[in-house]
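Mapping of the sequence shown onto my numbering: position 52 corresponds to residue 479, and the numbering continues sequentially without gaps.
Think of the CB as a built atom: it goes at the ideal place given N, C-alpha and C, for glycine as much as any other residue.
The structure presented is a predicted model; accordingly, all values stated were derived computationally and were not measured.
Everything on this sheet refers to the single structure shown next.
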Amino acid sequence: MTDEVYKSLQNILSCRKRVKTETIIDGYSGFLLLDKNDNPKVALHIENEMRWAMKKYQKLHPDKPLPHITLHVFRHTFCTNMANAGMDIKTLQYVMGHSDVGVTLNVYTHASYDRAAEQMAKIIDFKGVAAPEPQRKSG
Numbered sequence: 428m429t430d431e432v433y434k435s436l437q438n439i440l441s442c443r444k445r446v447k448t449e450t451i452i453d454g455y456s457g458f459l460l461l462d463k464n465d466n467p468k469v470a471l472h473i474e475n476e477m478r479w480a481m482k483k484y485q486k487l488h489p490d491k492p493l494p495h496i497t498l499h500v501f502r503h504t505f506c507t508n509m510a511n512a513g514m515d516i517k518t519l520q521y522v523m524g525h526s527d528v529g530v531t532l533n534v535y536t537h538a539s540y541d542r543a544a545e546q547m548a549k550i551i552d553f554k555g556v557a558a559p560e561p562q563r564k565s566g
């Protein structure tokens with residue numbers, strides 16, 4: 428967890444309303460996000476809040492459409508970004524909580540033309556060979 432993420436979570440916790448009795452689930456308590464009944468929010472709550480935020484954005488910026496965004500999309504994006512930044516794949520598997528590295532590589536990390544071109548250029552530069560200008564396929 429980065430310092431920035433840690434500070435954000437600490438901020439959420441410090442601003443969280445005080446409850447009379449902490450809910451305990453499987454030995455865990457002190458949940459960050461609570462619903463109107465002081466119970467921990469579940470994925471459906473957060474998905475609904477994401478949908479609401481996206482609809483509000485669309486009303487304010489109808490000329491700038493957003494792609495379909497979910498919390499799970501954020502998870503894929505995080506995994507791809509960490510792989511692209513060079514995180515060791517076994518470490519990334521551990522961070523993601525995957526029992527099989529194949530899930531991390533084949534489901535959660537996504538390749539792109541730009542990333543492939545960047546990697547090819549890096550290898551060619553390393554070998555001291557002049558890199559040709561990348562050309563995109565049309566269509």
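Residue 461 in three-state terms, based on DSSP: For the purposes of this step, residue 461 is taken as the residue at position 34 of the sequence shown. Here residue 461 sits in strand by DSSP.
Note to self: Taking 7 Å as the limit between beta carbons, can you name the residues of its chain near residue 472, skipping five residues before and five after?
What the structure shows: Within the sequence shown, numbered from 1, the residue matching residue 472 stands at position 45. Counting only Cβ-Cβ distances below 7 Å, and skipping sequence neighbours, we find 462.
Report the three-state DSSP secondary structure of residue 452 (helix, strand or coil).
Looking up residue 452 in the sequence shown gives position 25. Residue 452: strand per DSSP, three-state reduction.
Please list the segments of the alpha helix (DSSP H) lying wholly inside the segment 472 to 518, counting only runs of 4 or more residues, in order along the chain.
498 to 511
(request) Determine the contact status of residue 457 and residue 440, defining contact as a CB-CB distance below 9 Å. (result) As a working mapping, residue 457 is identified with position 30 in the sequence shown. As a working mapping, residue 440 is identified with position 13 in the sequence shown. Yes, the Cβ-Cβ distance between residue 457 and residue 440 is below 9 Å.
Q) Rounded to the nearest angstrom, how far is the Cβ of residue 507 from that of residue 536, given a contact under 8 Å? A) By one-based count along the sequence shown, residue 507 stands at place 80. By one-based count along the sequence shown, residue 536 stands at place 109. Yes, residue 507 and residue 536 are in contact; Cβ-Cβ is about 5 Å, under 8 Å.
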